[in-house]
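Here's the structure we're looking at; comments come further down.
Protein chains: 4
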Amino acid sequence: MGKEEKDSVSNLTERIIKFRDARDWKQFHNPKDVSLSLVLEAGEVMEHFQWKNAEEMEQCVKEHRDEIGAELADVLYWVLLLGNDLGIDVLEALNRKMDENELRYSVEKAKGNHKKYTELE
Amino acid sequence: MGKEEKDSVSNLTERIIKFRDARDWKQFHNPKDVSLSLVLEAGEVMEHFQWKNAEEMEQCVKEHRDEIGAELADVLYWVLLLGNDLGIDVLEALNRKMDENELRYSVEKAKGNHKKYTELE
Amino acid sequence: MGKEEKDSVSNLTERIIKFRDARDWKQFHNPKDVSLSLVLEAGEVMEHFQWKNAEEMEQCVKEHRDEIGAELADVLYWVLLLGNDLGIDVLEALNRKMDENELRYSVEKAKGNHKKYTELE
Amino acid sequence: MGKEEKDSVSNLTERIIKFRDARDWKQFHNPKDVSLSLVLEAGEVMEHFQWKNAEEMEQCVKEHRDEIGAELADVLYWVLLLGNDLGIDVLEALNRKMDENELRYSVEKAKGNHKKYTELE
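This is the structure we're talking about:
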């Protein structure tokens with residue numbers, strides 16, 4: 032696979048599903064258990080930053096960028112696999128979300144203000 | 032943006048970062064708090080499947096595919112934003128992970144067997 | 032300490048705080064990072080049951096009751112420590128919650144029905 | 032119930048189980064789904080502190096102590112319910128954990144040092 036092909040989410044999803052199906056693991060992948068993996072792997076990302084201040088986090092990222100990248104990749108793995116299994120196009124879903132976000136959080140009201148859009152007047 | 036451009040992760044990441052920076056929200060996005068969002072949004076995906084058996088999950092997906100898609104999109108949003116902020120190419124990281132997985136879990140040993148590779152002889 | 036004393040939550044909380052303060056660890060225990068531990072330890076409990084059906088869970092509990100107990104104890108540890116640090120009496124808070132629950136989910140409406148009280152007519 | 036009785040964990044556990052069983056909810060309470068509640072409720076505690084610095088957290092606790100207490104109570108609720116269902120005495124488990132912690136993290140090595148005991152020489 033060339034770099035361009037690897038960068039495509041549909042190719043990556045296909046790679047994940049082929050990997051899974053060759054091992055006959057679909058039988059274990061009900062949405063509940065898969066979503067547990069999503070949470071647990073997200074937790075492993077979070078764990079890298081626990082007990083650290085801004086400076087220590089920066090140092091941690093410098094020293095452990097590859098490990099953190101591997102944890103983020105694990106989260107993405109489950110996002111793509113679950114999206115595939117549920118018939119959800121996650122890129123399309125995210126673009127739709129961004130359309131909404133852009134309407135909800137107008138630049139002038141949201142600038143420098145992290146409140147939820149429901150709390151913005 | 033055309034459909035093809037929207038499907039590209041780099042374009043989507045760019046869209047997220049532009050959205051964020053126009054609102055001056057980078058100041059809030061230290062890796063620790065961002066990773067909390069990752070966990071909390073993953074939890075919202077998981078919540079859809081709680082207390083349900085296989086049949087009820089299938090029904091739930093039929094009725095709430097868009098909501099679940101929106102939750103998965105939220106997880107992906109934070110994966111891409113955090114990857115961007117930490118200088119991590121998440122697609123490359125996932126391809127690397129898949130290279131490792133393919134070595135670790137050989138088809139013949141892993142077929143139908145969900146044990147961790149470390150437990151496979 | 033006698034068994035009765037050990038069974039008291041206030042004695043257990045005192046034990047945890049003495050342990051912490053003797054090691055000068057209070058400086059690390061801001062509520063955000065402590066709440067991360069709460070989530071991560073809860074995740075470790077959950078991990079024991081992932082990918083398992085009812086029968087496999089029962090088997091798992093038989094074989095690993097002590098480990099699961101140790102994970103639950105970790106969650107309780109952080110509940111008591113955080114309650115202490117925030118000036119919250121967690122037992123009182125839970126009794127208050129139960130008072131509310133008993134009003135919200137009347138037996139006749141809730142019997143055998145797991146919907147949230149807000150969805151019960 | 033008098034205050035002293037309410038303060039006892041065994042009485043509180045009994046109250047929770049009676050409440051559950053009167054509503055016939057045991058049928059839903061397999062350990063996997065219950066542990067999801069544990070994680071999700073812990074997430075709700077954590078959410079109170081997200082995006083906040085030390086000062087903002089202090090302010091948040093002042094203004095929302097009761098809500099945070101209610102979230103902590105939810106976590107404790109599931110700890111006690113799950114412990115009950117799995118035949119685990121969580122107070123005993125936590126006392127055992129503290130015995131171990133006191134051996135593992137000796138005061139002289141651990142003082143002011145938050146490394147895991149495995150990393151302490």
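Residue numbers (our numbering), protein chains in the order written: chain F, 32 to 152; chain H, 32 to 152; chain L, 32 to 152; chain P, 32 to 152. Glycine included, every Cβ here is placed at the ideal spot set by N, Cα and C.
Is the CB-CB distance between residue i and residue j below 7 Å?
| i | j | result |
| --- | --- | --- |
| L67(F) | V76(H) | no |
| V121(L) | L111(P) | no |
| A104(F) | A124(H) | yes |
| R46(L) | A141(P) | no |
| D64(H) | Q90(P) | no |
| G100(F) | I119(H) | yes |
| V92(H) | V40(F) | no |
Would you please verify whether the beta carbon of residue i is less than 7 Å from any beta carbon of chain L?
| i | result |
| --- | --- |
| W109(H) | no |
| S66(P) | yes |
| K140(P) | no |
| D55(P) | yes |
| L112(P) | no |
| L125(P) | yes |
| K93(P) | no |
Does residue i pass the burial test, meaning 16 or more other C-beta atoms within 10 Å, or should it be called exposed?
| i | result |
| --- | --- |
| L134(H) | exposed |
| V138(P) | exposed |
| A85(P) | exposed |
| N144(F) | exposed |
| K128(L) | buried |
| E94(L) | exposed |
| E102(P) | buried |
| M32(P) | At M32(P), the pLDDT of 49 sits below 50, so the modelled position is not reliable and the matter cannot be decided from this model. |
| D52(F) | exposed |
From the beta carbon of residue i, is the nearest beta carbon of chain P less than 7 Å away?
| i | result |
| --- | --- |
| H145(F) | yes |
| W82(F) | yes |
| L71(H) | yes |
| F59(H) | yes |
Examine chain H for any beta-carbon lying closer than 7 Å to the beta-carbon of residue i, and answer yes or no.
| i | result |
| --- | --- |
| G74(P) | yes |
| R46(F) | yes |
| L134(F) | no |
Compare the C-beta of residue i with all C-beta atoms of chain F and state if any pair is closer than 7 Å.
| i | result |
| --- | --- |
| I119(H) | yes |
| F50(L) | no |
Name the chain C residues whose beta carbon is nearer than 7 Å to that of residue i?
| i | result |
| --- | --- |
| E98(L) | Protein chains in the displayed structure are F, H, L and P, and chain C is not among them. |
| said: What ranges does the alpha helix (DSSP H) occupy inside the segment 58 to 82 of chain L, keeping only unbroken runs of at least 4 residues that lie completely in it? | reply: 62 to 78
| said: At 3 residues or longer, what runs of the beta strand (DSSP E) sit wholly inside the segment 76 to 152 of chain P? | reply: none
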